Structures are given as structure tokens and as C-alpha cells.
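All remarks here apply to the structure that follows.
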Amino acid sequence: AMSAFLPASVYLNAGIGLLREDDWESHRELCFDLHNLCAEVEYVLGQFDRVWSFLNKAIQRGRTVQEKLRAYDTSIRAFGSQSKTEDMFGTAIMVLYHLGEPVPLVVTQIEVQRGLAETQALLSTKSEDELLNLGTMIDDDKREAMRFFNLFSLCAYVEKPKYFPIIACRMLQLSLSYGVCRESAIAFAAYGLLLCGLTGDTAKAYRLGKIALSLQEKFNATECLPRVLMAVYGFINDWTDPLQASLPPLKRAIDV
């Protein structure tokens, strides 16, 4: 499969070479697609200097946050791959701010406790059946926010763990208030993980883990499956189920 990316890079670069200045007005979507695709292909190939040249062009030409989101997505992934943690976090926080989801630059224990309390208050208004039948998220900005929160959380758990509770709480709050999306499976699983570690409420975490698995299946969110399985069977279910029961799902998480 990797061999296909080299000719793809050649063809995409040839396409960019055919663009004229006025195409950014008359064929705007095509111009963004070509530059973003080039950046994504070069990212897979590990050619980061070329990645940034295409991303910078797309970001500079974007007039709205929405036009820049795809480039910002690739930027965050590229920063992560290059271990540029501060740049990755700075970009994610900036994008989320423009999507109406400000993240504190400094996370305190008070903010973590507030986030847990607010999330618990929202959860308490819904039965388990209602949680399993939440409507689909239709607000475009909130859906994009969920996607960027998910990217943010990938690195936060390891590199900046103080941010992880804030991210998990806000993702679940958005899912409860605006409906569910693909990333909501991560939200329920991450919040269940938090309950086990911070409050010791393993029974509630177990129920949320089941909802996370149901949402992953509902949306066929294969990209979320390894993390959901890891959270549910690696951190939540082993408080209540025999450890042997978690081994097949964890092996599946590795295989996926």
C-alpha cells in the first residue's frame, strides 16, 4: 500500500503545478483539496518539509476557520509525529477556541473537579436507555470540536495528563447536550476511565463502557475501536470482570 503514495505524490504535485492564481477564486475547493491531499500524502511518506509547505499555503489562503480545519488537522498530526508537543497543543487549543470551545492554558484541580461535577449533573438527567438512544450530533462546529478534542486527547493522556480529564469531560458534555457522533464512543470510554481512577465509581464506569462499545458499533467507527477497547477492557472492566474476559478484546485492539 505504501508504494501507492509515491506516484500519488507525483500526480498531486503535477496538479498543483497546473494551478493559476485566479484558480483560488474560481476553483477554490479544488485548490484546497490539492494542497491538503499533497500534505497528507507527504505526511505518510515522512517528508515533513514538504508537508509544511503545502499546509502553510492552505492556511494562508483560508478565509475562515472552516476552510483551514483540514490543514490544522494534518498540522496537529505532523507535530505529534515529530514530537513537537507544545506546537501540537498550541494548535489544538487555538482551533478549539475558534470553534467556541476554549481550553484553559493552565489546568488546576479545581477545574478538574468542576468538570467532573458538571458532567455528572448532565449524566444524572438521563437514564441508561436515553443514553443509548441519544440523537445524532448535527451542529457542524461541535462535530469539528469533537474531532479536534479527540486528536488533542491522543497526546494529552501521555504528554500532558492534567488536560485529559478536562478533554474527556467536555467531549461527554457535548455528546449529552448536542447528540452523539463517532468520537462520542471515545468520550464515554474516557469518562469511564476517569471515574475508575478519580472517583472509584467502577459500577457507573462499567455502564458507560458498555455505551461506548455500543456507539462504536453504531457508527462503525473503526478508527476509534482500538482506543475504546483499550479503555473499556484495559482500565474499566477489569475492576468487575475476570481478567481473562478482557484478553480477547485487548488482542483485537492490537490486531486492528
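Following the working numbering, the numbering of the sequence shown begins with 82 at its first residue and continues without gaps. The beta carbon of each residue, even a glycine, is placed where N, CA and C say it ideally should be. What you are looking at is a predicted structure, and each value in this text was computed from that prediction instead of being measured.
*DSSP on residue 217, reduced to helix/strand/coil?*
DSSP places residue 217 in strand when its eight states are reduced to three.
*Exposed or buried, what is residue 183 when buried is set at 16 or more other beta-carbons lying within 10 Å of its beta-carbon?*
Label assigned to residue 183: exposed.
_Does residue 149 pass the burial test, meaning 16 or more other C-beta atoms within 10 Å, or should it be called exposed?_
Residue 149 comes out buried.
*If you follow the alpha helix (DSSP H) that residue 108 is part of, which residue opens it and which one closes it?*
Premise fails: residue 108 is in no alpha helix (DSSP H) and is neither H nor E.
_Taking its Cβ as the centre, do 16 or more other Cβ atoms sit within 10 Å of residue 138, making it buried, or is it exposed?_
So residue 138 ends up on the buried side.
*Return the first residue and the last residue of the alpha helix (DSSP H) that residue 198 is part of.*
That run of the alpha helix (DSSP H) goes 190-204.
*Decide if residue 297 is buried, meaning its Cβ has at least 16 other Cβ atoms within 10 Å, or exposed.*
Residue 297 should be labelled buried.
*asked:* Suppose only complete runs of 4+ residues qualify. What are the alpha helix (DSSP H) ranges in the stretch 297-331, listed by chain order?
replied: The stretch 297-331 contains these whole alpha helix (DSSP H) runs: 306-312.
*Run of the alpha helix (DSSP H) containing residue 254, from where it starts to where it stops*: Per DSSP, residue 254 belongs to the alpha helix (DSSP H) from 244-259.
*Could you pull out every residue in the same chain whose Cβ sits closer than 7 Å to the Cβ of residue 294, ignoring the five residues on either side in sequence?*
Around residue 294: 309 and 313.
*asked:* Quick check on DSSP: helix, strand or coil for residue 288?
replied: In this structure, residue 288 counts as helix in the three-state DSSP scheme.
*Within the same chain, show all residues whose beta-carbon is closer than 6 Å to that of residue 123, passing over the 5 residues directly before and after it, in chain order.*
Answer for residue 123: 131 and 132, listed in chain order.
*Within its chain, find whatever has a CB closer than 8 Å to the CB of residue 112; leave out the 5 residues flanking it on each side and keep chain order.*
The residues are 100, 104, 105 and 142.
*Taking the Cβ atom as the reference point for each residue, do residue 261 and residue 215 lie within a distance shorter than 8 Å?*
Yes, they are a contact pair.
*Kindly indicate the opening and closing residues of the alpha helix (DSSP H) around residue 91.*
Counting along the chain, the unbroken alpha helix (DSSP H) around residue 91 starts and ends at 86-98.
*Could you name the residues of the same chain whose beta carbon sits closer than 8 Å to that of residue 327, not counting the 5 residues immediately before and after it, in chain order?*
Closer than 8 Å at the Cβ level, and outside the excluded window around residue 327, lie 314, 315, 318 and 319.
*Can you find at least 3 beta carbon pairs, one from the stretch 281-294 and one from the stretch 240-248, that sit closer than 8 Å?*
In short, these stretches do not touch, since the Cβ pair count stays below three.
*Please name the residue, chosen from 253, 172, 265 and 284, that lies closest to residue 233 on a Cα-to-Cα basis.*
Out of 253, 172, 265 and 284, the CA that lies nearest to the CA of residue 233 is found in 172.
_Cβ neighbour criterion (16 or more within 10 Å) applied to residue 265_ = With 16 or more Cβ atoms within 10 Å of its Cβ, residue 265 is classed as buried.
*Looking at C-alpha atoms only, which residue of 201, 212, 181 and 199 is the closest neighbour of residue 224?*
Of 201, 212, 181 and 199, the residue nearest in Cα terms is 181.
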